[in-house]
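In this note's numbering, the protein residues as written are 6 to 170. Positions of the beta carbon are idealized from the N, C-alpha and C atoms, including for glycine. If you're wondering where the values come from, they're calculated on a predicted model, not measured in any experiment. Right, one structure below, let's go through it.
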Amino acid sequence: MAYIGFTGILLMASYGVLASFKVRSAKYQLFLQGLWALALLMASLFPLALLLKERPAISSLFFWVSSLTGIGLISWGAYEGYRLLYDLWHGSQRQSFQVIAARKIDRSLRHGGDYYLIESAQGMIFEVDYYTYQAVKRALWQTPRLSVCLDYYPKSKIIVELVMD
């Protein structure tokens, strides 16, 4: 069980590297979402394996920290898996938005890892790839409110297609 937990930690590290790439299609983002959910579920077995190996007393701090960490990771992984399965089951939806801002968030990592957001007038925030960010930013310079039609997955907010009016 500890090996599976350690593999989950390695999957988290690979997720961090793969998420830093600039071009990301909808299939790639769905793959990343699935990788993250799997990594969380697998990493949750690591503290639980430590509990089974050490067999601490229920009154010890190690027991409570390990068990709450394991349960928290299982819950988080199950929630991420639910979001992914919901999006895959129900499919994407198409909706029109007024985009009011495009922002770049710097992570100050050597290999990059910056991510780009667009914000709608309704308050929804979507993560987009670098090239979509550049196109939206150029269009926002011409008009303060940009009307776009988004085809996106509602739970994970992964954009399948963005059409500017």
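Any 3 or more C-beta pairs closer than 8 Å across the segment 86 to 93 and the segment 102 to 112 | no
Cα-Cα separation, Ile123 to Ser30 | Along the sequence shown, read from residue 1 onward, the residue named residue 123 stands at position 118. Along the sequence shown, read from residue 1 onward, the residue named residue 30 stands at position 25. Distance between the alpha carbons of Ile123 and Ser30 is about 16 Å.
Whose CA, out of Lys160, Val165, Trp146, lies closest to the CA of Cys154?
-> As a working mapping, residue 154 is identified with position 149 in the sequence shown. Comparing Cα-Cα distances from Cys154 to each of Lys160, Val165, Trp146, the minimum goes to Val165.
DSSP-derived helix/strand/coil call for Ile123 = On the sequence shown, residue 123 is found 118 positions in, with the first residue counted as 1. Residue state, collapsed to three classes: strand.
Near Met169, what residues of its chain come up, given a Cβ to Cβ distance below 7 Å and the 5 sequence neighbours on each side ignored?
-> Here residue 169 is taken as the residue at index 164 of the sequence shown, counted from 1. Cβ within range, chain order: Ala144, Leu151, Val153.
Provide the residue(s) that pair with Val168 in DSSP beta bridges, ordered along the chain.
-> For this step, residue 168 is matched to residue 163 along the sequence shown. Its beta-bridge partners are Cys154.
From Tyr138 to Phe26, what does the alpha carbon distance come to, in whole angstroms?
-> Working through the sequence shown from its first residue, we reach residue 138 at position 133. Working through the sequence shown from its first residue, we reach residue 26 at position 21. Cα-Cα distance, rounded: 14 Å.
For chain D, is any of its Cβ atoms less than 7 Å away from the one on Gly96?
-> No chain D is present in this structure, which holds just one protein chain.
Which one of Lys58, Gly21, Gly82, Tyr157 has the shortest CA to CA distance from Phe102?
-> The sequence position of residue 102 within the sequence shown is 97, counting from 1. Minimum Cα distance to Phe102 is reached at Tyr157.
Helix, strand or coil: how does DSSP classify Phe36 here?
-> Mapped onto the sequence shown, residue 36 falls at position 31. The answer is helix: DSSP assigns Phe36 an H, G or I state.
Start-to-end residues for the beta strand (DSSP E) that takes in Ile163 = Position 158 of the sequence shown holds residue 163. Counting along the chain, Ile163 falls outside any beta strand (DSSP E), and DSSP gives it neither H nor E.
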